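Here's the structure, in structure tokens; my notes come after.
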Amino acid sequence: MDWTEGRLMRRSKSLAFALIATMVIAPNAIGAGDSVRPLSEYAISPTDTTEAAIIKLQELAQQSGGLGVYKEASGWVLAKSSVGAEGFRTAGVAALTIPVRVETQTVSPVDLESLGDALEKLHGRVEGSFGFGFDVALRKMVVQSEAPESDFAALEKAYPGLISYRPGKWGETASWSNDGQPHWGGAWLQGGGWACTSGYPIEDYSGHRYMLTAGHCFTNGTSTNMGTAVRPSTGDPWPYYDAELIKSHTYAGYVYVTGTGGDRVKNAANPGVGYHYCTTGRSSGFKCGWTIQNVNKTICFNNQPSCFHGLAGFTKSDGSIIQEGDSGGPLYVTYSDYTVGVRGTITGYFWDVLSFSYWSYATMYQPVADFYAMHAVIP
């Protein structure tokens, strides 16, 4: 390895064989100089004050029982419900370093929760994969689905005006090259006939390190080029979260941002709505300019044993999407000092027929880190 313009460069051998990528269908206020106090002890605070403020706003919404956060042209909006919002507090919002307004919506949190439960019970009972999540700006539960709208007719009747149906096609993305030890995030990851992308290394407080990737990539015990895919015998996060660990090799806290160069991981947290991020995938390569549109989405692939939770949806103005083989790859923010902040791992995408556009999805950092009681490796 050597350093070029401040970036750690890795010289890798070319692959001696070709792989065919196969899809697996399978309330502290913060000011300009303050850091955000995350909900999780396993998060490492962002250093950019704008991103930190967005994440803090999302945490305030969660802590106070708000409906969520969305981005508008003039800033960010924190939405609260007019129904059962006695415990809602806006303490700390005024001190954030981003423009925020608070609005009241008539949507009931109880209705949203019961509708979400009802939608999840349709997994395996409708004709295709679907995903759903509350769109704070639209004030509706958006259902993105391969299944026909008629499959959701009973719920549309039970929750009049609360559902926005979006027809389309879902895709998971399992499918740079030869990454040696210690392994980095954003590299080619293959085994058992499947091909994915490594996410980022995580470790427990005893110092045991693992590589995190998408849970739908490999079955438990699969041998890969980065070690063995492993899931806990009890308390396996998959398939509630689309995550799994790779163990038994060595792993370093870097993410590939070019074909031969990687940046050091500096922090780790959930992504922020309206903020811009990058991804690395073995098929789509290195892409920046993704905008997070929503968080806490749920996706129910019809060939998976249950629905995936804790996802962030993101889009790109040029219409780009993640591709087959990108599964498990990192979602991250880059900094001028050649470091990155990891925010999640790639799960899948959705083709929205009505808007003629693609949405990509990643499993967020914090729910998975909390579940494993681990944190990203910070060199």
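Take the sequence shown: its letters are residues 1408 to 1786, numbered as in the working numbering.
Note that the Cβ used here is the ideal one computed from N, Cα and C, for glycine as well.
Computed from a prediction, not measured in an experiment: that's the story for all the values here.
Thr1752 and Leu1738 - do their beta-carbons sit closer together than 8 Å?
As a position in the sequence shown, residue 1738 is number 331, starting the count at 1. As a position in the sequence shown, residue 1752 is number 345, starting the count at 1. Cβ atoms of Leu1738 and Thr1752: closer than 8 Å.
Would you mind sorting Leu1652 into buried or exposed? The rule is 16 or more other CB atoms within 10 Å of its CB.
Counted from its first residue, the sequence shown places residue 1652 at position 245. So Leu1652 ends up on the buried side.
Taking the DSSP output, what are the residues bridged to Thr1604?
Numbered from 1 along the sequence shown, position 197 holds the residue referred to as residue 1604. Under DSSP, the beta-bridge partners assigned to Thr1604 are Trp1595.
Measure the alpha-carbon distance for Arg1508 versus Ala1501 and round it to whole angstroms.
Taking the sequence shown and counting its residues from 1, one reaches residue 1508 at position 101. Taking the sequence shown and counting its residues from 1, one reaches residue 1501 at position 94. Their backbone Cα atoms lie some 9 Å apart in a straight line.
Kindly identify the DSSP beta-bridge partner or partners of Ser1488.
Here residue 1488 refers to the residue found at position 81 when the sequence shown is read from its first residue. Its beta-bridge partners are Gln1512.
Just reading off the alpha helix (DSSP H) that Val1749 is part of, what are its end residues?
Sequence index remark: in the sequence shown, residue 1749 carries index 342 (1-based). Note, Val1749: premise wrong, no alpha helix (DSSP H); beta strand (DSSP E) at Thr1746 to Asp1759.
Specify whether the region 1763-1771 and the region 1727-1746 touch according to this definition: at least 3 beta carbon pairs, one from each stretch, less than 8 Å apart.
yes
Taking Cβ to Cβ, would you say Val1672 is nearer than 8 Å to Val1784?
The count along the sequence shown starts at 1 and reaches residue 1672 at position 265. The count along the sequence shown starts at 1 and reaches residue 1784 at position 377. Taking 8 Å as the Cβ cut-off, Val1672 and Val1784 qualify as a contacting pair.
Taking Cys1685 as the reference, give the member of Thr1667, Phe1721 and Phe1708 with the closest Cα.
Locating residue 1685 in the sequence shown gives position 278, where the first residue counts as 1. For Cys1685, the nearest C-alpha among the options comes from Phe1721.
Roughly how many whole angstroms lie between the Cα atoms of Asp1558 and Cys1707?
Start at 1 with the first residue of the sequence shown, and residue 1558 comes out as number 151. Start at 1 with the first residue of the sequence shown, and residue 1707 comes out as number 300. Asp1558 and Cys1707 have their C-alpha atoms roughly 14 Å apart.
Is the separation between the beta-carbon of Thr1698 and that of His1683 shorter than 8 Å?
Within the sequence shown, the letter at position 291 stands for residue 1698. Within the sequence shown, the letter at position 276 stands for residue 1683. Judged by their CB atoms, Thr1698 and His1683 are nearer to each other than the 8 Å cut-off.
Grab me the residues of Ala1433's own chain with a C-beta within less than 6 Å of its C-beta, minus the 5 sequence neighbours each way, in chain order.
If you number the sequence shown from 1, residue 1433 lands on position 26. For Ala1433, the predicted structure reports a pLDDT of 28, less than 50, and the residue's modelled location is therefore unreliable. A value from the coordinates is still provided. Here the set comprises His1623.
Pairs of beta-carbons, one from the region 1621-1638 and one from the region 1596-1603, closer than 8 Å: are there three or more?
yes
For Glu1553, does the three-state DSSP call read helix, strand or coil?
In the sequence shown, the residue the question calls residue 1553 occupies position 146. In this structure, DSSP gives Glu1553 a state outside helix and strand, which the three-state scheme calls coil.
Assigned secondary structure, Glu1731 (DSSP; H/G/I helix, E/B strand, else coil):
Counting from 1 along the sequence shown, the entry for residue 1731 is found at position 324. Of the three classes helix, strand and coil, the one that applies to Glu1731 here is coil, per DSSP.
For Leu1652, the first and last residue of its enclosing beta strand (DSSP E)
On the sequence shown, residue 1652 is found 245 positions in, with the first residue counted as 1. Segment Glu1651 to Lys1654, the beta strand (DSSP E) holding Leu1652.
Assigned secondary structure, Ser1630 (DSSP; H/G/I helix, E/B strand, else coil)
What you label residue 1630 is simply residue 223 of the sequence shown in a count that begins at 1. Three-state DSSP puts Ser1630 in a strand.
What are the partner residues of Ser1571, as DSSP defines its beta bridges?
Taking the first residue of the sequence shown as 1, we reach residue 1571 at position 164. Per DSSP, Val1549.
Based on Cα-Cα distance, which residue from Gly1587, Ala1525, Tyr1617 and Thr1741 lies nearest to Lys1792?
For residue 1792 there is no data in the structure shown, the boundaries of the chain being 1408 and 1786.
Please state the DSSP three-state secondary structure of Ala1501.
For the purposes of this step, residue 1501 is taken as residue 94 along the sequence shown, with counting starting at 1. Coil, per DSSP.
Could you tell me how far apart the beta carbons of Gln1470 and Val1702 are, in whole angstroms, since I believe they sit closer than 8 Å?
Taking the sequence shown and counting its residues from 1, the one referred to as residue 1470 is at position 63. Taking the sequence shown and counting its residues from 1, the one referred to as residue 1702 is at position 295. About 15 Å separates the two Cβ atoms, so there is no contact after all.
Might you give, ordered along the chain, the residues of its own chain that have their beta carbon closer than 7 Å to the beta carbon of Ser1488, omitting 5 neighbours on each side?
One-based indexing of the sequence shown puts residue 1488 at position 81. Cβ-Cβ distances below 7 Å link Ser1488 to Leu1474, Gln1512, Val1514, Ser1515 and Pro1516 in the same chain, with the five nearest sequence neighbours on each side left out; the list follows chain order.
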